[in-house]
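Sequence lines, in order, name chains U and Y.
Under my numbering, the letters of the first sequence match residues 689 to 942, in that order.
Under my numbering, the letters of the second sequence match residues 689 to 942, in that order.
Using N, Cα and C, we set each Cβ at its ideal position, and we do this for glycine too.
Since we're looking at a predicted model, the values are computed, not measured.
Number of protein chains: 2
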Amino acid sequence: MRSLDYAKVITKLVSFIQEKVEESNVKGVILGISGGVDSATVAYLAARAIGKEKVLGLVMPYHINRDVEDALLVCNNLGINYKVINIKSIVNEFEKNLDFELNNVSRGNIMSRTRMILLYAHANSKNYLVLGTSNRSEFLTGYFTKWGDSASDYAPLINLYKTEVWNIARILGVPNEIINKKPSAGLWEGQTDEKDLGITYKLLDEILYRLVDLKMKKENIARELNIPLNKVEYVESLIKKSEHKRKLPIGPEI
Amino acid sequence: MRSLDYAKVITKLVSFIQEKVEESNVKGVILGISGGVDSATVAYLAARAIGKEKVLGLVMPYHINRDVEDALLVCNNLGINYKVINIKSIVNEFEKNLDFELNNVSRGNIMSRTRMILLYAHANSKNYLVLGTSNRSEFLTGYFTKWGDSASDYAPLINLYKTEVWNIARILGVPNEIINKKPSAGLWEGQTDEKDLGITYKLLDEILYRLVDLKMKKENIARELNIPLNKVEYVESLIKKSEHKRKLPIGPEI
């Protein structure tokens, strides 16, 4: 992986948040706090950037599990304002209005988009910016819900790989139990990112960095990382299949 | 305004829809049908492009008014499949989970994003593409809900001005009562686009075309259209203020 001066990166992230808050002439920022490392990292950065009083965390569980405790741990450690809104009744209301069964992925998409709506309703009413918590590993592989968790005003971590976010989280003082737990989007019980993705973030980032940033040939990546070529081809296929998710809708040129 | 060969433009729009359906390996397209001219035009184009059996219209009222009849008129005229889902109970469920009052704009945003969620839930389950109905006049002035009505897979009309969509609608045979009625996003009773925008689409498009496409000087535009300079400056301000709405969320370069 690239070697980063993490102190400098953190300074850059903090000043980015400060600049956007000032430019947008808003009173603060709001973000969804899931209990995972990405949202915890953005919360720590935001509190450092503009002060805990101007940061509002929304804890929006569907399932009641340990993630909620971890989310509250982040909010209480930082001393930021927060609200807990269980989204089950809203997601159920969507389901009542559909005449077909939802599978886990579709229900997960509704959860993610429901959270986006709640974040923006609060942002509208408080004149806040919505901070996204997406990282580069998710963005490049399409491991997010289109117009859901990827929909925000600014996404401070969007150019940082997951393994780099872990390092930043440690430096910022995010609690270890959050850093060390298996990453999960929490869209269904027992879900983990790495099971979904079919690869560990550690290996995924090593491949993504060489494939996308360094533009290395697949064969050289496989040789350098001492892994089968099909692992690199698999990651390449994730990038290609999710291309449409990284673009605003287009129409024909007139 | 630019002079367009509308027969050619319609052919381009139809083949664009055909191409994207084929490329994406989907079984059809779905779109929200509001009773307005934009969604009616996209419905007519889609039915022409891939056949009425592969087009699903979702009529998603919040208010029960004439727009619903107009939406059903479009669906029945075309013979496409459609469903009517009243979104009030879903929007109410969002409101129940908020501890503050919504104003019209915020409630309108929730309506628009709720419709996006319903469209994508159906698209997921049927392996359909979501067609957006945004036009260039809305896109350039930011007259849409971010991650709401602007959120789709493809937006056939995105490069056509509203006044041009009217012309296309006439050629396609969209009913006159839909073409001739005052455009409205229907987000609250009595709302009209032109009241919100503070300018008629006719004048707005003439200014937008010169300002954005021809990159004319404001003073020359005012002189050419024989309008006060502040009208041009007003349109310019709409474009500037809405710039963030035409971009995916960014983060700092690392």
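Which word fits residue i, buried or exposed, when buried means at least 16 other C-beta atoms lie within 10 angstroms of its C-beta?
i	result
residue 749 of chain Y	buried
residue 788 of chain Y	exposed
residue 720 of chain U	buried
residue 809 of chain Y	buried
residue 695 of chain U	exposed
residue 674 of chain U	The structure shown does not extend to residue 674 of chain U, since chain U is modelled only from 689 through 942, so no value can be given for it.
residue 895 of chain U	buried
residue 888 of chain Y	exposed
residue 859 of chain U	exposed
residue 852 of chain Y	buried
Is any beta-carbon of chain Y found at less than 7 Å from that of residue i?
i	result
residue 801 of chain U	yes
residue 835 of chain U	yes
residue 827 of chain U	no
residue 848 of chain U	yes
residue 820 of chain U	yes
residue 812 of chain U	yes
residue 933 of chain U	no
residue 691 of chain U	no
residue 916 of chain U	no
residue 700 of chain U	yes
residue 727 of chain U	no
Say whether chain U places a C-beta atom closer than 7 Å to the C-beta of residue i.
i	result
residue 716 of chain Y	no
residue 785 of chain Y	yes
residue 832 of chain Y	no
residue 720 of chain Y	no
residue 731 of chain Y	no
residue 939 of chain Y	yes
residue 922 of chain Y	no
residue 842 of chain Y	yes
residue 809 of chain Y	yes
residue 839 of chain Y	yes
residue 777 of chain Y	yes
Taking the straight line between their C-alpha atoms, what separation do you get for residue i and residue j?
i	j	result
residue 912 of chain Y	residue 940 of chain U	29 Å
residue 722 of chain U	residue 728 of chain U	8 Å
residue 854 of chain Y	residue 732 of chain Y	13 Å
residue 689 of chain U	residue 856 of chain U	15 Å
residue 871 of chain Y	residue 907 of chain Y	29 Å
residue 716 of chain U	residue 830 of chain U	29 Å
residue 699 of chain U	residue 770 of chain U	25 Å
residue 767 of chain Y	residue 745 of chain Y	10 Å
residue 704 of chain U	residue 819 of chain U	11 Å
residue 785 of chain U	residue 885 of chain U	31 Å
residue 641 of chain Y	residue 901 of chain U	Only positions 689 to 942 of chain Y appear in this structure, which leaves residue 641 of chain Y out of reach.
residue 734 of chain Y	residue 817 of chain Y	11 Å
residue 932 of chain U	residue 772 of chain Y	29 Å
residue 756 of chain Y	residue 747 of chain Y	7 Å
residue 827 of chain U	residue 909 of chain Y	42 Å
residue 841 of chain Y	residue 736 of chain Y	19 Å
residue 844 of chain Y	residue 845 of chain U	32 Å
With H, G and I counted as helix, E and B as strand and the rest as coil, what does DSSP make of residue i?
i	result
residue 721 of chain Y	coil
residue 770 of chain Y	strand
residue 793 of chain Y	helix
residue 798 of chain Y	helix
residue 909 of chain U	helix
residue 938 of chain U	strand
residue 897 of chain U	helix
residue 816 of chain Y	strand
Examine chain B for any beta-carbon lying closer than 7 Å to the beta-carbon of residue i, and answer yes or no.
i	result
residue 886 of chain U	Absence of chain B from the displayed structure is noted, the protein chains being U and Y.
Check whether the stretch 871-890 of chain Y touches the stretch 777-791 of chain Y, taking contact to mean three or more Cβ pairs, one atom from each stretch, closer than 8 Å.
no
Are the stretch 820-827 of chain U and the stretch 803-817 of chain Y in contact at 8 Å, needing three or more beta carbon pairs?
no
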